Amino acid sequence: MTKKLFSFVLGLTLVLTLAACGSSETTGNEETEGSNESASNGDVKTIRAGIGLNDEHPQYKGLLKFKEIVEAETDGQIEVETYHSGQLGDDRTMMENLQFGSQEVTIPSTAPIANFVPEFSVFDFPFLFPNEEVADEVLDGPVGDELLEKLEDQDLVGLAYWENGFRNLTNDKRAVASADDFDGLVIRTMENDLHLDAFKALGASPTPMAFTELYAAMQQGTVDGQENPFATIYLQKYHEVQKHVSDTNHVYSPFVFLMSKSFYDGLTEEQQEIVREAALEARDYQRELNREANAQYLQDLEEEGMTVTRISDEDREEMKNIVQPVIDEYAEEIGQDLVDRVYEAIENAQ
Ligand code: KDG
109 MTKKLFSFVL GLTLVLTLAA CGSSETTGNE ETEGSNESAS NGDVKTIRAG
159 IGLNDEHPQY KGLLKFKEIV EAETDGQIEV ETYHSGQLGD DRTMMENLQF
209 GSQEVTIPST APIANFVPEF SVFDFPFLFP NEEVADEVLD GPVGDELLEK
259 LEDQDLVGLA YWENGFRNLT NDKRAVASAD DFDGLVIRTM ENDLHLDAFK
309 ALGASPTPMA FTELYAAMQQ GTVDGQENPF ATIYLQKYHE VQKHVSDTNH
359 VYSPFVFLMS KSFYDGLTEE QQEIVREAAL EARDYQRELN REANAQYLQD
409 LEEEGMTVTR ISDEDREEMK NIVQPVIDEY AEEIGQDLVD RVYEAIENAQ
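In short: position in the sequence shown from 1, add 108, done, that's the working numbering.
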């Protein structure tokens, strides 16, 4: 074989060998590269998640935890955009956004949800839950799941119950220590007929209003007071526009982590499992954050100059008796059977 021919054959062999390695490398990794490629450059889904509370509230910190888990577990296939302080609208608007597909997640209290699924008002019955532990067991149990399932008829998916917390009264007029002290106070309530009727029974002049309008209404004096958990009262800076706070603890308010049903149905089974698990893991984190600082918030409010009035057991008992007829009326409307099962679940959880 001449030198020329040998060099040609050697070169050809080298080229063919490299080409073969190259193609086997491509074949070897093609599938992996292909799947990685689809994750990073393929159809990335975006979750636009909006809430009413501000970015200091445990609700927002819980939402950031949800974002962290979902983006990690889906390897970037799902991205979560977070919006706080009503940037995407008030609770009703954000729930409608989910129904119409312009937003994918919101986390309202059960009270505004009752305008879409009336049965949710049962969780706003005054003095229903004795403490957070019983609330967790009932909400995370069969009767809580039963109510979440009813959301699907409204094109909503309820993935978990988070915690707003025990609601307490603030006002700018006077110390409220007993039922008599509610007389004539213009109290902003959530947009929920049960809340309105309960405060009317106590002698107040309640007015329904979106959460996004509340601070300005107190600042302008169009309402005398409102009721919310200590975390909200402190972190939304209501002490700047309210003089008095009473530890009425009159309602334990859950949040519901809502997802648009059309968005949820468009996820793969694996992605559905990831968002479900993330909402539950972030729930536990959010509840813990909410409870850790709750006692501190009341102290902070006093340090900010608010007058704190402690409600005695007797006075709280009197408030319960006054609102009982309202509870009985709504129990009939919601369905006595469901209400009885909620009370039974509370009994079993104690
Ligand atoms: O988005 C947060 C609101 O749903 C929640 O804060 C509702 O407690 C509430 C209120 O008073 O409107």
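Heads up, the beta-carbon is just placed ideally off N, CA and C, and yes, glycines get one too. Computed from a predicted model, the values in this text were never measured in an experiment.
DSSP places K153 in the strand class (E or B) of the three-state scheme.
Taken through DSSP and simplified to helix, strand or coil, M202 comes out as helix. If you measure from each CB to the nearest heavy atom of the ligand KDG, the residues under 6 Å come out as I159, G160, L161, D199, P216, S217, N272, M298, F319, N336, T340, S361.
Contact between R395 and W270 holds: their C-beta atoms lie close to 7 Å from each other, under 8 Å. For S354, the pairing in a beta bridge is given by DSSP as L277, T417. For Y360, the enclosing beta strand (DSSP E) begins and ends at 360-368. Within the model, the alpha-carbon separation for E411 versus T376 is close to 50 Å. The C-alpha of A457 is placed about 6 Å away from the C-alpha of E245. Here G158 is near Q211, since their CB atoms are less than 8 Å apart. When F174, E164, N162, K153 are compared, the shortest CA-CA separation from L366 is found for F174.
Proximity to D280 across I419, G333, L343, L255 peaks at G333, based on C-alpha coordinates. L236 sits in coil when the DSSP states are folded into three classes, being neither helix nor strand.
Looking at the backbone, the Cα of E335 and that of D183 are separated by about 41 Å. Residue range 186-191 is occupied by the beta strand (DSSP E) that includes E189. Between the alpha carbons of T315 and N300 lies a gap of roughly 10 Å.
DSSP lists F363 as the beta-bridge partner residues of S217. Residue pairing from DSSP places A268 in a beta bridge opposite F365.
In the assembly as shown, P220 is a buried residue. Its beta-carbon has 16 or more other beta-carbons within 10 Å. When beta bridges are read from the DSSP output, P316 appears opposite T297. When only Cα atoms are considered, Q407 and S193 end up about 24 Å apart.
DSSP places Q344 in the coil class of the three-state scheme, outside both helix and strand.
The C-alpha of Q379 lies about 18 Å from the C-alpha of R391. The beta carbons of R296 and D289 sit no closer together than 8 Å.
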